[in-house]
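Colleague:
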Amino acid sequence: AQSVAQPEDQVNVAEGNPLTVKCTYSVSGNPYLFWYVQYPNRGLQFLLKYITGDNLVKGSYGFEAEFNKSQTSFHLKKPSALVSDSALYFCAVRDWGGGATNKLIFGTGTLLAVQP
Amino acid sequence: GAVVSQHPSWVICKSGTSVKIECRSLDFQATTMFWYRQFPKQSLMLMATSNEGSKATYEQGVEKDKFLINHASLTLSTLTVTSAHPEDSSFYICSARDGLSPVDYNEQFFGPGTRLTVL
Chain A
10 AQSVAQPEDQ VNVAEGNPLT VKCTYSVSGN PYLFWYVQYP NRGLQFLLKY
60 ITGDNLVKGS YGFEAEFNKS QTSFHLKKPS ALVSDSALYF CAVRDWGGGA
110 TNKLIFGTGT LLAVQP
Chain B
3 GAVVSQHPSW VICKSGTSVK IECRSLDFQA TTMFWYRQFP KQSLMLMATS
53 NEGSKATYEQ GVEKDKFLIN HASLTLSTLT VTSAHPEDSS FYICSARDGL
103 SPVDYNEQFF GPGTRLTVL
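Chains A and B supply the protein sequences, listed in that same order.
According to the working numbering, the first sequence is numbered sequentially starting from 10.
According to the working numbering, the second sequence is numbered sequentially starting from 3.
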């Protein structure tokens, strides 16, 4: 069965410092991985995805993620955090068991708090 | 970019009434739409997948007769919570897949969500 794990409920970082939000995955097929961000009382916004190709994926708002096959990880990173980056971040993986339905399986989310 | 809207953004209703939530893809054709439910400080739980012109596929444990989904056109899907009760209070989010996007790439675009409160 496909799954993603976000081991940290919350990550605290000072503004200007680099940030990392962790995600590990387990899939039976090719790992199609995604990161989404959710601001309070809002839907999810797409940040980036890994389908194939370079292991370092660049996305929106200066975020990037590194796909590591040996460690089955897809950590989200940003070199310099902003207070406005404070939000809930979700890692997701394509559910290959769903056939052509394109279901996504979401992690439990990590709350990023950036202190000024 | 692809935009998905939801209406209403929030709704308060009395127990026993039905509530309809609309999900629209504004600038693309959504062959598939998904409905999620999110409890406070929790992840998204997929409720059902709907394909235009066919019956929705519900996830295990989701009551079909309680959460009616209609995907009558390529730009509109509706979720009706029938005979709502306080335990149905939640944040409901829809997403839509661009019909022109490669199937495997999972290009899903999310709506802003609807906050349902049942008194």
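All residues carry an ideal CB built from backbone N, CA and C; glycine is no exception.
Model, not experiment: these values are computed from the prediction.
1. Of all the CB atoms in chain B, is at least one closer than 8 Å to the CB of L56 (chain A)?
2. Taking 8 Å as the threshold (C-beta atoms), are C15 (chain B) and V154 (chain B) in contact?
3. Out of B:P42, B:Q62 and B:G55, point me to the one whose CA is closest to E89 (chain B)'s CA.
4. Judging by CA-CA distance, which residue of B:A50, B:V21, B:E54 and B:T19 is the nearest neighbour of S75 (chain B)?
5. Would a check of beta-carbon distances place F115 (chain A) closer than 8 Å to chain B?
6. Taking three-plus beta-carbon pairs below 8 Å as touching, is the segment 94 to 103 of chain A in contact with the segment 61 to 69 of chain B?
7. With distance defined between alpha-carbon atoms, name the residue in B:L28, B:I23 and B:D29 nearest to W37 (chain B).
8. Given a limit of 7 Å on CB to CB distance, which residues of the segment 69 to 97 of chain A reach chain B?
9. Use the C-beta contact count for D104 (chain A): other C-beta atoms within 10 angstroms, 16 or more gives buried, fewer gives exposed.
10. Would you tell me roughly how many angstroms separate the C-alpha atoms of S12 (chain A) and S11 (chain B), rounded to the nearest one?
11. Just the C-alpha distance for A74 (chain A) and A14 (chain A), rounded to the nearest angstrom, thanks.
12. Contact defined as beta carbons within less than 8 Å: I believe S52 (chain B) pairs with S79 (chain B). What is the distance between those atoms, to the nearest angstrom?
13. So, does the CB of F30 (chain B) fall closer than 8 Å to a CB anywhere in chain A?
14. Along chain B, in chain order, which residues have C-beta atoms closer than 7 Å to that of G118 (chain A)?
15. Apart from the five residues on each side of it in sequence, which residues of its chain come closer than 7 Å, Cβ to Cβ, to L65 (chain A)?
16. Along the segment 32 to 54 of chain A, what residues have a CB closer than 8 Å to any CB found in chain B?
17. Where do the ends of the beta strand (DSSP E) carrying L97 (chain A) lie?
18. How would you call V36 (chain A), buried or exposed, if buried means at least 16 neighbouring beta carbons within 10 angstroms?
19. DSSP three-state label for Y48 (chain A), please.
20. Any beta carbon of chain B sitting closer than 8 Å to that of K67 (chain A)?
Modeller: Result, derived from the coordinates:
1. Answer no: the Cβ-Cβ gap between L56 (chain A) and chain B never drops below 8 Å.
2. This structure does not reach residue 154 (chain B), given that chain B is present from 3 up to 121, and the question cannot be answered.
3. In this structure, B:P42 is the residue among B:P42, B:Q62 and B:G55 with its C-alpha nearest to the C-alpha of E89 (chain B).
4. Just measuring C-alpha positions, the residue of B:A50, B:V21, B:E54 and B:T19 sitting nearest S75 (chain B) is B:E54.
5. Yes, contact with chain B.
6. Counting Cβ pairs under 8 Å, fewer than three are found: no touch.
7. Ranking B:L28, B:I23 and B:D29 by Cα distance to W37 (chain B) puts B:I23 first.
8. For the segment 69 to 97 of chain A, which is checked against every Cβ of chain B, not one residue is closer than 7 Å.
9. Buried.
10. Distance from the CA atom of S12 (chain A) to the CA atom of S11 (chain B), rounded to whole angstroms, is 30 Å.
11. Cα-Cα distance, rounded: 15 Å.
12. With 8 Å as the limit, S52 (chain B) and S79 (chain B) qualify as a contact, their Cβ atoms being about 5 Å apart.
13. Chain A contact via Cβ: absent.
14. For G118 (chain A), the chain B residues whose C-beta falls within less than 7 Å of its own C-beta are S45, listed in chain order.
15. In its chain, beyond the 5 residues on either side, E73 and E75 have a beta carbon closer than 7 Å to the beta carbon of L65 (chain A).
16. Going along the segment 32 to 54 of chain A in chain order, one finds Y41, F43, Y45, N50, R51, G52, L53 and Q54 with a Cβ nearer than 8 Å to chain B.
17. From DSSP, the beta strand (DSSP E) with L97 (chain A) extends over A96 to R103.
18. So V36 (chain A) ends up on the buried side.
19. Looking at Y48 (chain A) - three-state DSSP - the assignment turns out to be coil, as it is neither helix nor strand.
20. With 8 Å as the cut-off, K67 (chain A) does not count as an interface residue toward chain B.
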